[in-house]
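Before any comments, here is the structure.
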Amino acid sequence: QKEVEQNSGPLSVPEGAIASLNCTYSDRVSQSFFWYRQYSGKSPELIMSIYSNGDKEDGRFTAQLNKASQYVSLLIRDSQPSDSATYLCAVNQAGTALIFGKGTTLSVSS
Amino acid sequence: EADIYQTPRYLVIGTGKKITLECSQTMGHDKMYWYQQDPGMELHLIHYSYGVNSTEKGDLSSESTVSRIRTEHFPLTLESARPSHTSQYLCASYASGANVLTFGAGSRLTVL
Numbered sequence: 072q073k074e075v076e077q078n079s080g081p082l083s084v085p086e087g088a089i090a091s092l093n094c095t096y097s098d099r100v101s102q103s104f105f106w107y108r109q110y111s112g113k114s115p116e117l118i119m120s121i122y123s124n125g126d127k128e129d130g131r132f133t134a135q136l137n138k139a140s141q142y143v144s145l146l147i148r149d150s151q152p153s154d155s156a157t158y159l160c161a162v163n164q165a166g167t168a169l170i171f172g173k174g175t176t177l178s179v180s181s
Numbered sequence: 004e005a006d007i008y009q010t011p012r013y014l015v016i017g018t019g020k021k022i023t024l025e026c027s028q029t030m031g032h033d034k035m036y037w038y039q040q041d042p043g044m045e046l047h048l049i050h051y052s053y054g055v056n057s058t059e060k061g062d063l064s065s066e067s068t069v070s071r072i073r074t075e076h077f078p079l080t081l082e083s084a085r086p087s088h089t090s091q092y093l094c095a096s097y098a099s100g101a102n103v104l105t106f107g108a109g110s111r112l113t114v115l
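Residue numbers (my numbering), protein chains in the order written: chain A, 72 to 181; chain L, 4 to 115.
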């Protein structure tokens, strides 16, 4: 059974702080890793993808991948109240459907 | 803006009714998916298709059925709706080259 594990939270951070979201996965042959953001009542939207070990930066977001530890994380710098949402980690092998974690709820207080 | 459309956005119906949730995409993607999500809960894959005349069941058992007669169209049908079917149904399509899964706005179904 392929699994993607996330701490459900809520993770609470003050405005301007760094939010760190973590995800582990069980299938060692997973090749692609994604972070989706989902606002309440809305559908998920892709914010980051990462395929190779190391860091990938996009604006205030940094995704980190460690395949040996089967671990992927998302850092949000200078967190804003508008970042308050549920963040979904997803993994897949080439050509297969994405498997999603349960999501981590982030709350950024002003 | 994603070119994947779901209708209806909201539907309230009585038990025993047949319903079809529509999903269309204009991007020419071969791979399409249906996920089910209860409020505040995780996404569960219920059906997927890798092309015309191809349909498969997902990880979560569902009483719904799907069809893929045209590339752009992937409707989901419930022959006899029950209150346990109350949920949000999210359609998505996959761009293989870009390795990106894009979701529609969702259909929120309430069965009384």
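Even glycine gets a Cβ: it sits at the ideal position worked out from N, Cα and C.
Quantities reported herein were computed from a predicted structural model and do not represent experimental measurements.
Sort the options by Cα distance to residue i and report the nearest one.
i: A/Ser123; options: A/Glu76, A/Leu117 and A/Phe104; result: A/Phe104
i: A/Gly174; options: L/Ser70, L/Met44, L/Glu82 and L/Ser87; result: L/Met44
i: A/Gln77; options: A/Glu86, A/Cys94 and A/Ser155; result: A/Cys94
i: A/Pro115; options: A/Ala156, A/Val84 and A/Pro85; result: A/Ala156
i: A/Ser120; options: A/Asp154, A/Leu136 and A/Lys113; result: A/Leu136
i: L/Val69; options: L/Leu24, L/Gly100 and L/Arg12; result: L/Leu24
i: L/Thr55; options: L/Thr29, L/Ala95 and L/Ile72; result: Per the sequence shown, residue 55 of chain L should be read as Val rather than Thr. Of the candidates L/Thr29, L/Ala95 and L/Ile72, the one whose C-alpha sits nearest the C-alpha of L/Val55 is L/Ile72.
i: A/Asn163; options: A/Arg99, A/Ile89 and A/Val84; result: A/Arg99
i: A/Ser178; options: A/Ser144, A/Gly130 and A/Tyr110; result: A/Tyr110
i: L/Tyr92; options: L/Gln9, L/Ser110, L/Leu63 and L/Lys20; result: L/Ser110
i: L/Pro42; options: L/Thr105, L/Ser90 and L/Gly61; result: L/Ser90
i: A/Ala139; options: A/Ser83, A/Glu74 and A/Ser97; result: A/Ser97
i: L/Trp37; options: L/Pro78, L/Lys20, L/Pro11 and L/Asn102; result: L/Pro78
i: L/Tyr51; options: A/Ile170, A/Arg131 and A/Asp129; result: A/Ile170
i: A/Glu74; options: A/Glu128, A/Arg108, A/Gln141 and A/Glu86; result: A/Gln141
i: A/Tyr158; options: A/Ala168, A/Gln102 and A/Ile118; result: A/Ile118
Looking at the unbroken beta strand (DSSP E) that takes in residue i, where does it start and where does it end?
i: L/Ala108; result: Careful: L/Ala108 lies outside any beta strand (DSSP E) and carries neither H nor E.
i: A/Ser144; result: Tyr142 to Ile147
i: L/Ile22; result: Ile22 to Gln28
i: L/Gln39; result: Lys34 to Gln40
i: L/Leu46; result: Leu46 to Gly54
i: L/Thr58; result: Ser57 to Lys60
According to DSSP, residue i sits in a beta bridge with which residue or residues?
i: L/Ala98; result: L/Val103
i: A/Lys127; result: A/Ala134
i: L/Tyr13; result: L/Arg111
i: A/Leu177; result: A/Leu82 and A/Ala156
i: L/His76; result: L/Ser27 and L/Arg73
i: L/Gln91; result: L/Gln40 and L/Arg111
i: A/Tyr122; result: DSSP lists no partner for A/Tyr122.
i: A/Glu76; result: A/Thr95
i: L/Leu81; result: L/Ile22
i: A/Thr167; result: According to DSSP, A/Thr167 bridges with nothing at all.
i: A/Ala139; result: Answer by DSSP bridge pairing: none, since A/Ala139 is not bridged.
Spatial neighbours of residue i within its chain, please: CB distance less than 6 Å, with the 5 preceding and 5 following residues excluded, ordered by chain position.
i: L/Gly17; result: Leu115
i: A/Ser91; result: Leu146
i: A/Thr133; result: Asp126 and Leu146
i: L/Thr86; result: Checking the displayed sequence, the identity of residue 86 of chain L turns out to be Pro instead of Thr. Contacts found: Val114.
i: A/Gly80; result: Thr175 and Thr176
Who are the near neighbours of residue i in its chain, counting only those whose CB is closer than 8 Å to its CB and skipping five residues on each side?
i: L/Ile22; result: Leu14, Ile16, Thr80, Leu81, Ala84 and Leu112
i: L/Tyr53; result: Asp33, Lys34 and Glu59
i: L/His47; result: Tyr38, Gln39, Gln40, Gly61, Asp62 and Leu63
Among the residues of its own chain, which have a CB less than 7 Å from the CB of residue i, if the five just before and after it don't count?
i: A/Ala88; result: Ser150
i: L/Ser96; result: Ile7, Gln28, Met30, His32, Lys34, Met35 and Thr105
i: A/Arg131; result: Ile147, Arg148 and Asp149
Residues of chain B with a CB under 9 Å from the CB of residue i: which are they?
i: L/Tyr36; result: Considering every chain present, this structure includes no chain B. Its protein chains are A and L.
Original post:
Which parts of the region 78-120 of chain A are runs of the beta strand (DSSP E), unbroken and 3 residues or longer, counting only runs that do not cross its ends?
Top reply: Qualifying beta strand (DSSP E) stretches, in chain order: 82-85, 90-96 and 103-109.
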